[in-house]
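Colleague: 63 is the number that the working numbering gives the last residue of the sequence shown; the numbers go up by one with no jumps. Take this structure first; my questions come after.
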Amino acid sequence: MIIVNVKDGESLDRALKRFKKKFEKTGVLRELRSRQAYEKKSVTRRTQIKKAIYKQGLNQDIL
């Protein structure tokens with residue numbers, strides 16, 4: 001459960017923004033979407049490898 005304490009004088013919009021950021025960090029929505037349809041382990045592994053290759057390419061471009 002995500003708890004966001006609203007400080008004195010803090011706008012509701014700001015507190016909602018903090019809640020959304022915490023919610024995004026927990027990864028609840030991402031996991032929910034991934035569980036909607038079964039994905040084979042080989043497919044999961046393949047997508048992870050593709051992501052790693054992509055990230056590695058981005059890091060090489062920066063350096």
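Using N, Cα and C, we set each Cβ at its ideal position, and we do this for glycine too.
1) Provide the residue span of the alpha helix (DSSP H) that contains Ala37, from first to last.
2) For Val4, name the three-state secondary structure that DSSP assigns.
3) Excluding the 5 residues preceding and the 5 following Ala15 in the sequence, name in chain order all residues of the same chain whose CB lies nearer than 7 Å to its CB.
4) Which same chain residues, not among the five before or five after Phe23, have their C-beta less than 8 Å away from its C-beta?
5) Going by DSSP in three states, Ser42 sits in which element: helix, strand or coil?
6) Output needed for Asp8: all residues of its chain with C-beta closer than 8 Å, excluding positions within five of it in sequence on either side, in chain order.
Modeller: Inspection of the coordinates gives the following:
1) For Ala37, no alpha helix (DSSP H) segment is defined, and its DSSP state is neither H nor E.
2) Val4: coil per DSSP, three-state reduction.
3) Contacts found: Val4, Val6.
4) Correct list, in chain order: Ile2, Leu29.
5) In this structure, Ser42 counts as helix in the three-state DSSP scheme.
6) Cβ within range, chain order: n/a, list empty.
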